[in-house]
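Participant: The structure's right below; bear with me while I get my questions together.
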Ligand SMILES: Cc1cc2nc3c(=O)[nH]c(=O)nc-3n(C[C@H](O)[C@H](O)[C@H](O)COP(=O)(O)OP(=O)(O)OC[C@H]3O[C@@H](n4cnc5c(N)ncnc54)[C@H](O)[C@@H]3O)c2cc1C
Ligand SMILES: Cc1cc2nc3c(=O)[nH]c(=O)nc-3n(C[C@H](O)[C@H](O)[C@H](O)COP(=O)(O)OP(=O)(O)OC[C@H]3O[C@@H](n4cnc5c(N)ncnc54)[C@H](O)[C@@H]3O)c2cc1C
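Protein chains in written order, with my numbering: chain A, 119 to 599; chain B, 6 to 392.
Structure representation (structure tokens):
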């Protein structure tokens with residue numbers, strides 16, 4: 119197998135898995151790397167094996183798709199066509215410019231890239247994988263917006279609640295409120311309810327009825343309509359109260375969450391005075407949608423389009439030899455990630471083996487990609503945080519948890535010190551300088567500073583020990599000089 | 006929004022140099038407006054480290070300016086020190102070989118003659134000053150006058166207390182001249198600002214601003230990367246660097262130089278900086294460069310091997326061919342005053358620069374002879390793009 123061209127795929131979610139099995143089936147050797155201990159990404163996030171969940175499939179739909187991908191991956195691994203590296207945290211992808219320039223449309227020269235990863239939960243030992251081409255399938259992360267009380271124990275992100283459900287299964291006997299905006303709130307609310315949690319309310323700041331008016335995008339996606347109807351039925355069955363055009367204004371509690379105050383929003387996105395009411399709960403799952411992970415792509419010099427990696431019809435970035443698929447190229451759900459991963463795998467396999475890719479071989483995936491992108495673009499126009507969410511952030515609300523920077527400090531940096539963008543707010547307040555490097559507070563800082571969220575440059579996708587950095591890529595450099 | 010403003014002095018650039026110019030000019034009683042196309046500290050000031058060094062400078066005009074600036078920073082610290090994280094922590098230059106120590110000793114002797122406090126440190130005392138240094142180093146020199154500030158905060162708070170008016174988000178698109186060729190103000194993307202004096206504190210873009218006034222000033226970028234670690238307790242107490250650094254700073258070469266300065270900060274992270282190379286305005290991340298920084302730092306402080314780099318950033322130092330800044334009135338365009346081209350020392354030299362310019366504007370005798378910094382000292386410098 120070693121004479122096959124070598125593709126490194128980063129991320130084993132729906133996109134990375136689809137790309138891996140497709141490319142491995144078409145003449146390419148694939149190394150799939152993921153930081154998680156099990157494959158699946160956000161969507162197929164697995165209950166830890168030792169829990170022996172009786173029917174994990176009860177938590178998932180599209181379980182069969184997952185089984186098919188998992189089995190195909192196992193076959194390719196057994197046959198030596200694919201290597202699957204779990205618990206590998208990629209901190210940097212190096213473009214080795216000292217290589218002889220090769221045939222760019224074949225994905226670049228042989229061994230053009232080195233993927234630098236850190237191994238294990240401690241992320242200490244270095245691993246380097248040299249590949250002819252790289253596919254970025256790093257998915258997305260949740261957009262978090264602060265409000266008074268959001269740092270109390272018991273307040274989770276929507277994804278955190280989902281992971282809690284799928285990962286540990288131990289949630290029953292609680293009372294939860296699910297809040298924020300976007301279609302992800304539905305599976306979270308129904309999932310919690312199905313696991314025995316009392317869901318006191320689903321608080322959605324948008325008015326999803328507006329979405330129903332967009333009949334074109336909907337008509338093209340009968341599956342999605344059915345999915346939505348299913349969720350609606352489940353909400354009804356579990357008697358989950360749906361509050362649209364409402365928002366959580368504050369979370370209360372001494373040591374941990376005890377209640378939330380919710381209120382109605384007017385058409386300008388302001389809280390309507392007098393509509394506040396308190397709901398007792400011990401869990402609050404808040405979600406405002408997802409943002410693409412673009413660190414690795416940005417550092418490689420791939421062009422971004424707004425907040426996501428820009429790709430062509432074949433899922434190629436503008437850097438020769440780098441493909442991208444799934445939510446790193448735009449948020450659009452698991453089915454879209456699968457379609458994009460499939461196309462990327464096909465394209466990379468063809469180009470790496472010296473063939474001209476034939477779009478007819480991925481026509482079905484391309485059709486579903488077009489429809490889903492349209493569908494999610496329509497969703498995006500409807501689901502949004504309250505236009506005036508920053509009004510809710512009081513001066514003493516902590517915005518950056520890592521560095522404990524408050525809303526007041528950020529406002530002062532803008533109003534009195536002349537900060538004007540996320541970078542200068544960061545320099546003048548230390549917001550976004552801590553462990554998460556602004557992945558958590560970036561959107562909030564941008565909102566409070568009154569500027570657009572732009573992708574920040576994070577040369578290291580993970581913190582890297584200086585001892586590892588001091589020798590990174592050294593061996594190959596000697597080899598090739 | 007395009008109403009006309011009138012004032013005594015327009016400062017172009019809200020970096021640390023522009024902020025210091027505004028501060029001293031306003032304190033001298035002038036009505037000052039500061040304009041920047043971006044936010045405060047959005048240029049190289051936000052990408053630099055805050056070393057206020059005398060230790061790396063050989064005797065000459067730059068060292069004189071550094072000594073003056075150091076005294077002014079100490080005075081300022083009484084007013085805004087805690088806001089700008091001012092620390093008089095001292096610098097420690099270490100030699101790696103006995104031969105290197107001898108050379109460093111000679112360098113320090115010359116500096117002492119020029120007014121620098123430079124105390125020889127033997128092999129044992131080295132570890133009293135910095136217990137975590139790599140073992141077996143022969144010695145070094147301690148420079149108590151080396152200090153530190155947080156550059157972005159320094160610029161912001163200098164502006165805040167200056168009394169100058171600050172206009173961010175306005176690009177200067179032209180320097181307005183009267184019929185007789187003297188300065189009349191600037192044109193910005195949001196209207197004209199009229200003033201008899203315009204200070205060019207546009208840093209690495211100072212050449213472009215000079216060109217708007219019709220004069221040449223060959224400011225070019227010299228790229229630098231800095232590594233930032235996770236927050237740590239104070240394990241590195243001073244600014245510590247290897248003696249090779251001085252040669253790097255003074256070097257004229259375009260090639261990469263990476264002997265690092267290692268220092269702890271008030272906020273906890275250790276800063277490791279900075280590389281020097283001339284590659285134009287290229288923002289591409291370079292693994293070989295940061296690898297060399299990491300290697301240099303872990304060689305000085307082995308414990309850093311297990312410490313994580315959180316991020317790395319880069320900036321473009323503004324340099325002039327003879328590595329001295331341009332400070333003072335431009336005889337070619339009366340009313341145009343330059344304060345740019347401070348290369349890797351602009352944070353440190355900002356106070357002295359602002360002070361000298363305020364003295365010159367006020368017709369006072371400057372504390373230092375400004376002749377070596379004359380902005381028209383590069384006659385017919387060939388146009389050179391991002392060498
Ligand atoms: C709470 C929640 C509920 C959802 N419900 C639904 C639903 O009902 N229907 C639906 O269609 N979609 C749903 N989604 C969305 C769905 O999970 C995503 O669309 C899908 O998982 C995206 O697939 P992906 O392959 O692009 O990325 P991901 O699934 O995010 O996978 C990316 C993978 O890359 C890995 N990775 C990232 N960076 C690195 C690195 N530097 N080094 C190593 N590995 C790395 C991650 O560990 C991860 O495994 C939900 C998402 C959430 C958060
Ligand atoms: C990696 C690195 C490390 C460094 N470490 C140190 C150190 O430890 N100690 C030290 O003393 N120095 C250090 N320096 C150097 C120092 O950062 C610079 O010398 C200093 O910041 C220059 O400040 P400035 O105000 O001249 O320029 P800048 O901070 O760049 O300010 C110039 C401003 O002018 C504005 N501008 C430009 N053109 C226009 C226009 N047409 N209209 C409106 N506005 C305009 C820009 O937006 C910018 O904000 C370092 C530099 C780097 C890159």
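Ideal placement from N, C-alpha and C gives every residue a C-beta, glycine not left out.
On a predicted model such as this, the values are computed, not experimentally measured, just so you know.
Report yes if the C-beta of residue 78 of chain B is less than 7 angstroms from at least one heavy atom of ligand 2; otherwise report no.
Facilitator: Numbered from 1 along the second chain, position 73 holds the residue referred to as residue 78 of chain B. Not so, every heavy atom of ligand 2 lies at least 7 angstroms from the Cβ.
Participant: Output the distance between the C-alpha atoms of residue 75 of chain B and residue 273 of chain B, rounded to the nearest integer angstrom.
Facilitator: On the second chain, residue 75 of chain B is found 70 positions in, with the first residue counted as 1. On the second chain, residue 273 of chain B is found 268 positions in, with the first residue counted as 1. Rounded to whole angstroms, residue 75 of chain B to residue 273 of chain B spans 24 angstroms at the Cα level.
Participant: Note the first and the last residue of the continuous beta strand (DSSP E) segment covering residue 161 of chain A.
Facilitator: Counting from 1 along the first chain, the entry for residue 161 of chain A is found at position 43. Where residue 161 of chain A is concerned, there is no enclosing beta strand (DSSP E), given that its DSSP letter is neither H nor E.
Participant: Identify, in the order they occur along the chain, each residue of the same chain with its Cβ nearer than 7 angstroms to the Cβ of residue 429 of chain A, setting aside the five sequence neighbours on each side.
Facilitator: As a working mapping, residue 429 of chain A is identified with position 311 in the first chain. Closer than 7 angstroms at the Cβ level, and outside the excluded window around residue 429 of chain A, lie 435, 442, 447.
Participant: Flag residue 541 of chain A as yes if its beta-carbon sits less than 8 angstroms from any beta-carbon of chain B, otherwise no.
Facilitator: Reading the first chain from its first residue, position 423 is the one you call residue 541 of chain A. Cβ-Cβ to chain B under 8 angstroms: yes for residue 541 of chain A.
Participant: Listing by chain order, which chain D residues have their CB less than 8 angstroms from the CB of residue 582 of chain A?
Facilitator: No chain D appears in this structure, whose protein chains are A and B.
Participant: Kindly indicate which three-state DSSP category residue 223 of chain A falls into: helix, strand or coil?
Facilitator: Position 105 of the first chain holds residue 223 of chain A. The predicted model places residue 223 of chain A with a pLDDT of 46, which falls under 50 and marks its position as unreliable; any figure quoted below should be read in that light. Helix, per DSSP.
Participant: Could you round the C-beta distance between residue 351 of chain B and residue 279 of chain B to whole angstroms and report it? I think they count as a contact, below 8 angstroms.
Facilitator: Here residue 351 of chain B is taken as the residue at index 346 of the second chain, counted from 1. Here residue 279 of chain B is taken as the residue at index 274 of the second chain, counted from 1. That pair is no contact at about 13 angstroms.
Participant: Anything in chain A within Cβ reach of residue 90 of chain B, meaning under 8 angstroms, just list it in chain order.
Facilitator: Here residue 90 of chain B refers to the residue found at position 85 when the second chain is read from its first residue. Within chain A, no residue comes near residue 90 of chain B; the closest Cβ sits about 11 angstroms away, beyond 8 angstroms.
Participant: In its own chain, which residues sit with a C-beta less than 6 angstroms from the C-beta of residue 535 of chain A, not counting the 5 before and 5 after it?
Facilitator: Taking the first residue of the first chain as 1, we reach residue 535 of chain A at position 417. 546.
Participant: Using a Cβ cut-off of 7 angstroms, which residues of the region 406-419 of chain A contact any Cβ in chain B, in chain order?
Facilitator: 417, 419
Participant: Is residue 587 of chain A a contact residue of ligand 1, with contact defined as CB to any heavy atom under 7 angstroms?
Facilitator: In the first chain, residue 587 of chain A corresponds to position 469, counting from 1. No - ligand 1 has no heavy atom lying nearer than 7 angstroms to the Cβ of residue 587 of chain A.
Participant: Label residue 544 of chain A either buried or exposed according to how many other C-beta atoms from any shown protein chain fall within 10 Å of its C-beta, with 16 as the threshold for buried.
Facilitator: Taking the first residue of the first chain as position 1, residue 544 of chain A is located at position 426. Counting Cβ neighbours within 10 Å, residue 544 of chain A comes out buried, since at least 16 surround it.
Participant: Compute the Euclidean distance between the alpha carbons of residue 312 of chain B and residue 582 of chain A, then round it to the nearest angstrom.
Facilitator: Walking along the second chain from the start, residue 312 of chain B turns up at place 307. Walking along the first chain from the start, residue 582 of chain A turns up at place 464. When rounded, the distance between both Cα atoms is 8 angstroms.
Participant: For residue 306 of chain A, is the beta carbon positioned less than 7 angstroms from some heavy atom of ligand 1?
Facilitator: Indexing the first chain from 1 puts residue 306 of chain A at position 188. The answer is yes for residue 306 of chain A.
Participant: Under the assumption that residue 28 of chain B contacts residue 167 of chain B (Cβ atoms under 8 angstroms), give the Cβ distance between them as a whole number of angstroms.
Facilitator: Along the second chain, one-based indexing puts residue 28 of chain B at 23. Along the second chain, one-based indexing puts residue 167 of chain B at 162. Right, their Cβ atoms sit about 4 angstroms apart.
Participant: What is the rounded straight-line gap between the Cα of residue 401 of chain B and the Cα of residue 375 of chain B?
Facilitator: Any question about residue 401 of chain B goes unanswered here, given that chain B covers just 6 to 392.
Participant: Below 8 angstroms, how does it come out for the region 14-27 of chain B and the region 199-213 of chain B: are there three or more Cβ pairs, yes or no?
Facilitator: yes
Participant: Please report how far the alpha carbon of residue 315 of chain B lies from the alpha carbon of residue 571 of chain A, in whole angstroms.
Facilitator: Residue numbering aside, residue 315 of chain B sits at position 310 when the second chain is read from its first letter. Residue numbering aside, residue 571 of chain A sits at position 453 when the first chain is read from its first letter. The straight-line gap from Cα to Cα measures roughly 21 angstroms.
Participant: What residues from chain A crowd round residue 380 of chain B, counting only those whose CB sits closer than 9 angstroms?
Facilitator: What you label residue 380 of chain B is simply residue 375 of the second chain in a count that begins at 1. Result: empty, since nearest Cβ-Cβ is about 27 angstroms, beyond 9 angstroms.
Participant: Tell me whether the region 564-579 of chain A and the region 76-86 of chain B touch, counting them as touching only if at least three CB pairs, one residue from each stretch, are closer than 8 angstroms.
Facilitator: no
Participant: Between A:404, A:136, A:339, A:491, which lies nearest to residue 367 of chain A when the distance is taken from Cα to Cα?
Facilitator: Within the first chain, residue 367 of chain A is the residue found at index 249, counting from 1. Nearest option by C-alpha distance: A:404.
Participant: Contact check, residue 211 of chain B vs residue 346 of chain B under 8 angstroms by CB: the rounded distance?
Facilitator: The residue given as residue 211 of chain B occupies position 206 in the second chain. The residue given as residue 346 of chain B occupies position 341 in the second chain. Residue 211 of chain B to residue 346 of chain B, Cβ: 6 angstroms. Contact.
Participant: Suppose you measure from the CA of residue 176 of chain A to the CA of residue 322 of chain A; what does that come to, to the nearest Å?
Facilitator: Here the question's residue 176 of chain A lines up with position 58 in the first chain. Here the question's residue 322 of chain A lines up with position 204 in the first chain. Note that residue 176 of chain A scores 46 on pLDDT, short of 50, meaning its location in the model is unreliable; the coordinates nonetheless yield the value given after this. Their backbone Cα atoms lie some 25 angstroms apart in a straight line.
Participant: Given a limit of 7 angstroms on CB to CB distance, which residues of the region 565-576 of chain A reach chain B?
Facilitator: Cβ contacts with chain B: 576.
Participant: Are residue 245 of chain B and residue 135 of chain B touching if we call contact CB-CB under 8 angstroms?
Facilitator: Within the second chain, residue 245 of chain B is the residue found at index 240, counting from 1. Within the second chain, residue 135 of chain B is the residue found at index 130, counting from 1. Taking 8 angstroms as the Cβ cut-off, residue 245 of chain B and residue 135 of chain B qualify as a contacting pair.
Participant: Which runs of the alpha helix (DSSP H) spanning at least 4 residues fall entirely within the region 190-267 of chain B, listed in chain order?
Facilitator: 211-217, 249-255
Participant: Tell me the rounded alpha-carbon separation between residue 379 of chain B and residue 127 of chain A.
Facilitator: As a position in the second chain, residue 379 of chain B is number 374, starting the count at 1. As a position in the first chain, residue 127 of chain A is number 9, starting the count at 1. If you take the alpha carbons of residue 379 of chain B and residue 127 of chain A, they lie about 57 angstroms apart.
Participant: For a quick check, are the C-beta atoms of residue 600 of chain A and residue 276 of chain A less than 8 angstroms apart?
Facilitator: Outside the shown range of chain A, which is 119 to 599, sits residue 600 of chain A, and nothing can be said about it.
Participant: Examine chain B for any beta-carbon lying closer than 8 angstroms to the beta-carbon of residue 257 of chain A, and answer yes or no.
Facilitator: Walking along the first chain from the start, residue 257 of chain A turns up at place 139. So, not an interface residue.
Participant: Buried or exposed: where does residue 369 of chain B fall if 16 or more other Cβ atoms within 10 Å of its Cβ makes it buried?
Facilitator: By one-based count along the second chain, residue 369 of chain B stands at place 364. Exposed: under 16 other Cβ atoms inside 10 Å.
Participant: Tell me, please, whether the CB atom of residue 81 of chain B is closer than 8 angstroms to any CB atom in chain A?
Facilitator: One-based indexing of the second chain puts residue 81 of chain B at position 76. For residue 81 of chain B, the answer is no, since every Cβ of chain A falls outside 8 angstroms of its Cβ.
Participant: Quick one: is residue 146 of chain B buried, meaning 16 or more other Cβ sit within 10 Å of its Cβ, or exposed?
Facilitator: One-based indexing of the second chain puts residue 146 of chain B at position 141. Under this definition residue 146 of chain B is a buried residue.
Participant: With burial defined as no fewer than 16 other Cβ atoms inside 10 Å of the residue's Cβ, what is the status of residue 155 of chain A: buried or exposed?
Facilitator: Position 37 of the first chain, counted from the first residue, corresponds to residue 155 of chain A. Exposed, by the Cβ-count rule.
Participant: Using alpha carbons as the reference points, say which of B:286, B:174, B:308 lies closest to residue 234 of chain B.
Facilitator: Your numbering for residue 234 of chain B matches position 229 in the second chain. Here the closest residue by C-alpha is B:308.
Participant: Can a CB atom of chain B be found closer than 8 angstroms to the CB of residue 537 of chain A?
Facilitator: Start at 1 with the first residue of the first chain, and residue 537 of chain A comes out as number 419. By this cut-off, residue 537 of chain A is an interface position.
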